[in-house]
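Q:
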Amino acid sequence: HRGYAELHPVVPPRTAVRRVLIFFGGTDPENLTGRALSAALSLARRDMSIDVVLSVSSPYSREVEALAGPHPQVTCHRNLSTLAPLIASADLALGSPGATSWERLCLGLPTIAISMAMNQNEVAAALHHAGLVDWIAHSDSVTREAIAARLKYTLEREDLSVWSAKCREVCDGLGTERTIKEMHDIGELQSSVLRAATD
7 HRGYAELHPV VPPRTAVRRV LIFFGGTDPE NLTGRALSAA LSLARRDMSI DVVLSVSSPY
67 SREVEALAGP HPQVTCHRNL STLAPLIASA DLALGSPGAT SWERLCLGLP TIAISMAMNQ
127 NEVAAALHHA GLVDWIAHSD SVTREAIAAR LKYTLEREDL SVWSAKCREV CDGLGTERTI
187 KEMHDIGELQ SSVLRAATD
């Protein structure tokens, strides 16, 4: 999405957590969204707003909306064409280390990650080792209490701006354009070679 490349140079590093984004992908069959929202609400931080992105295919969307209902600082979103504006305005994300990882990195959004599929564990471990995400564990061993404890710890971190800036350095949102250019250049080179061979 072109919006990420355009926002990349203008979104400043985060300095404090005032807004949290919760998004666990398309279907979220284990209701990590509900677990994460419940954990965030258990901290009783009325000064912190929470954006929750729900998928139409999630079997728990009504349950999550019911949990969010009594809390005016929680906003539930559905059917979004892009996450870019929410990622840009958030200070911290709770999510999985899937494809959205690159969108969050591009806009310098620190993330507490929980892997949902076994094929995400290797990516999660690599991102965690590089200091780009704080990976708790795979979803089957993550409790609401564990999420709340990690969130509480993160809210007290003094190096949020360093973490945010480090994320931004990894991805600028222009990878697709560079790939297309490389493919175009290779195609041009092949055409030149073929022309030279037939002359």
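Numbering of the sequence shown is given in our numbering, commencing with residue 7 and proceeding in unit increments.
Think of the CB as a built atom: it goes at the ideal place given N, C-alpha and C, for glycine as much as any other residue.
Computed from a prediction, not measured in an experiment: that's the story for all the values here.
(1) So if DSSP puts residue 26 in a beta bridge, which residue, or which two residues, is it bridged to?
(2) Note down, in chain order, each residue of its chain lying with its Cβ closer than 8 Å to the Cβ of residue 23, except the 5 sequence neighbours on either side.
(3) On the three-pair Cβ rule with 8 Å, is the stretch 46-62 touching the stretch 25-38?
(4) Pop quiz: residue 47 and residue 14 are said to be a contact at Cβ under 8 Å. What is the actual Cβ separation, rounded to whole angstroms?
(5) If you measure from the CB of residue 107, is any heavy atom of the ligand FMN nearer than 6 Å?
(6) By how many angstroms is the C-alpha of residue 108 removed from the C-alpha of residue 187?
(7) Quick check: what's the CA-CA separation for residue 134 versus residue 101?
(8) State whether the stretch 110-125 contacts the stretch 138-146, with contact taken as three or more CB pairs (one from each stretch) at a distance under 8 Å.
(9) Where does residue 80 sit, in a helix, a strand or coil, going by DSSP?
(10) Please list, in chain order, all residues of the same chain as residue 213 whose beta carbon is under 6 Å from its beta carbon, the five residues on each side excluded.
(11) Which stretch, first to last residue, makes up the beta strand (DSSP E) that contains residue 45?
A: This is what the structure gives:
(1) For the purposes of this step, residue 26 is identified with residue 20 of the sequence shown, where counting begins at 1. Answer by DSSP bridge pairing, in chain order: 56, 98.
(2) Numbered from 1 along the sequence shown, position 17 holds the residue referred to as residue 23. Excluding positions up to five away in sequence, the list reads 54, 97, 98, 160, 161, 166.
(3) yes
(4) To locate residue 47, count along the sequence shown from 1; it is residue 41. To locate residue 14, count along the sequence shown from 1; it is residue 8. The Cβ separation is near 31 Å, so there is no contact.
(5) The ligand FMN is not part of the structure shown, which contains no ligands of any sort.
(6) Along the sequence shown, read from residue 1 onward, the residue named residue 187 stands at position 181. Along the sequence shown, read from residue 1 onward, the residue named residue 108 stands at position 102. Low per-residue confidence applies at residue 187: pLDDT is 49, beneath 50, and the placement is therefore not dependable, though the value from the model is reported in the following sentence. Rounded to the nearest angstrom, the two C-alpha atoms are 20 Å apart.
(7) Here residue 134 refers to the residue found at position 128 of the sequence shown. Here residue 101 refers to the residue found at position 95 of the sequence shown. When rounded, the distance between both Cα atoms is 13 Å.
(8) yes
(9) In the sequence shown, the residue the question calls residue 80 occupies position 74. Correct three-state label for residue 80: strand.
(10) Absent from the model: residue 213. The displayed extent of the chain is 7 to 205, so no value can be given.
(11) To locate residue 45, count along the sequence shown from 1; it is residue 39. Taken as a continuous stretch (DSSP letters only), residue 45 belongs to no beta strand (DSSP E), being part of the alpha helix (DSSP H) at 38-48.
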